[in-house]
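Chemist: 105 is the number of the first residue of the sequence shown in our numbering; add one for each residue after it.
Below are the structure tokens for one structure; questions will follow.
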Amino acid sequence: MQLYDLKAGTNPRRLRIFLAEKGISLPVTALDMTKGENRTPEFLGLNPLGTLPVLKLDDGSVLTESIAICRYFEELQPEPNLFGRDALERARIEMWNRRAELELLLPLVQQFVHLSPFWAGRRPQVAEYGTLAREQALKTMAWFDRELAGRPFLAGDRYTVADITAQAALLLGKNTGAPLPEGLPGLARWWAEVSSRPSARA
105 MQLYDLKAGT
115 NPRRLRIFLA
125 EKGISLPVTA
135 LDMTKGENRT
145 PEFLGLNPLG
155 TLPVLKLDDG
165 SVLTESIAIC
175 RYFEELQPEP
185 NLFGRDALER
195 ARIEMWNRRA
205 ELELLLPLVQ
215 QFVHLSPFWA
225 GRRPQVAEYG
235 TLAREQALKT
245 MAWFDRELAG
255 RPFLAGDRYT
265 VADITAQAAL
275 LLGKNTGAPL
285 PEGLPGLARW
295 WAEVSSRPSA
305 RA
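Structure below.
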């Protein structure tokens, strides 16, 4: 196997945290997007979207999208379980992972793309959209804070892939102008806990 990685990328980080929780180590090729290494014909042959992470299997099969790759490894190595042990838990974790992805991670990505000087000239930017996306992310943080007042983790009483998604999202926000605001004790308690896990350094 070969993992193609982007050190600062949010989705690659999400996968690295997942793999670290599983104790899985892979050969890694780190790409530099600022040098266009993800746009070479060779890499686009692996993933026409040019995005990371990408996992190339020994038989030549290729998987892209961080959660798809996580699911692959969950099947290969079920423990520690991060996607759910029975039908109800799997559904609940999927529900919260989707919420973390669509209501938190996506708005934080959009505020970064549309408001950061890093993307000027690289992507079309609409500042008003970036501002709205940031406001949406902050509303979601307040919602998650209320939820986490009543349980230790997003989907229940243990750390799962839903927490990994939210963790990667909040780290992006912290680094791109939308940090965790004051006055959210449930979310702050959760953030301190997930950030203290050894996998958070992956």
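Beta carbons are placed, not taken as given, at the ideal position from N, Cα and C, and that holds for glycine.
Residues in the same chain with beta-carbon distance under 7 angstroms from residue 295, minus the five sequence neighbours each way, listed in chain order, please.
Modeler: In the sequence shown, counting from the first residue as 1, residue 295 sits at position 191. The answer, listed in chain order, is 274, 284.
Chemist: State yes or no: is the C-beta of residue 276 within less than 8 angstroms of the C-beta of residue 216?
Modeler: Taking the first residue of the sequence shown as position 1, residue 276 is located at position 172. Taking the first residue of the sequence shown as position 1, residue 216 is located at position 112. Going by C-beta atoms, residue 276 is nearer than 8 angstroms to residue 216.
Chemist: Could you give the uninterrupted runs of the alpha helix (DSSP H) lying entirely in the stretch 212 to 262, keeping only those of 4 residues or more?
Modeler: As far as the stretch 212 to 262 is concerned, its whole alpha helix (DSSP H) runs of at least 4 residues are 231 to 252.
Chemist: Would you call the CB atoms of residue 272 and residue 266 closer than 8 angstroms?
Modeler: Counting from 1 along the sequence shown, the entry for residue 272 is found at position 168. Counting from 1 along the sequence shown, the entry for residue 266 is found at position 162. It is not a contact, given that the beta carbons lie outside the stated cut-off.
Chemist: Flag this pair as yes or no: are the beta carbons of residue 121 and residue 299 separated by less than 8 angstroms?
Modeler: Within the sequence shown, residue 121 is the residue found at index 17, counting from 1. Within the sequence shown, residue 299 is the residue found at index 195, counting from 1. No. Outside cutoff.
Chemist: Just the C-alpha distance for residue 166 and residue 125, rounded to the nearest angstrom, thanks.
Modeler: Taking the first residue of the sequence shown as 1, we reach residue 166 at position 62. Taking the first residue of the sequence shown as 1, we reach residue 125 at position 21. If you take the alpha carbons of residue 166 and residue 125, they lie about 22 angstroms apart.
Chemist: Quick one: what's got a C-beta closer than 6 angstroms to residue 114's C-beta in the same chain, skipping five residues either side?
Modeler: For the purposes of this step, residue 114 is identified with residue 10 of the sequence shown, where counting begins at 1. 272, 276.
Chemist: How would you label residue 268, buried or exposed, when you count the other beta carbons within 10 angstroms and need 16 or more for buried?
Modeler: Position 164 of the sequence shown, counting from 1, holds the residue named residue 268. Label assigned to residue 268: buried.
Chemist: What is the DSSP secondary structure of residue 168, reduced to helix, strand or coil?
Modeler: If you number the sequence shown from 1, residue 168 lands on position 64. Strand, per DSSP.
Chemist: For residue 118, count neighbouring C-beta atoms within 10 Å of its own C-beta (all shown protein chains included) and say buried if the count is 16 or more, exposed if not.
Modeler: The sequence position of residue 118 within the sequence shown is 14, counting from 1. Label assigned to residue 118: buried.
Chemist: I need the straight-line Cα distance from residue 232 to residue 184, nearest angstrom please.
Modeler: Sequence index remark: in the sequence shown, residue 232 carries index 128 (1-based). Sequence index remark: in the sequence shown, residue 184 carries index 80 (1-based). Those two C-alpha atoms are separated by around 42 angstroms.
Chemist: Contact check, residue 255 vs residue 261 under 8 angstroms by CB: the rounded distance?
Modeler: In the sequence shown, the residue the question calls residue 255 occupies position 151. In the sequence shown, the residue the question calls residue 261 occupies position 157. The Cβ separation is near 6 angstroms, so the contact holds.
Chemist: What does a CB cutoff of less than 8 angstroms around residue 209 pick up in its chain, not counting 5 residues either side in sequence?
Modeler: For the purposes of this step, residue 209 is identified with residue 105 of the sequence shown, where counting begins at 1. Cβ within range, chain order: 114, 269, 270, 272, 273, 276.
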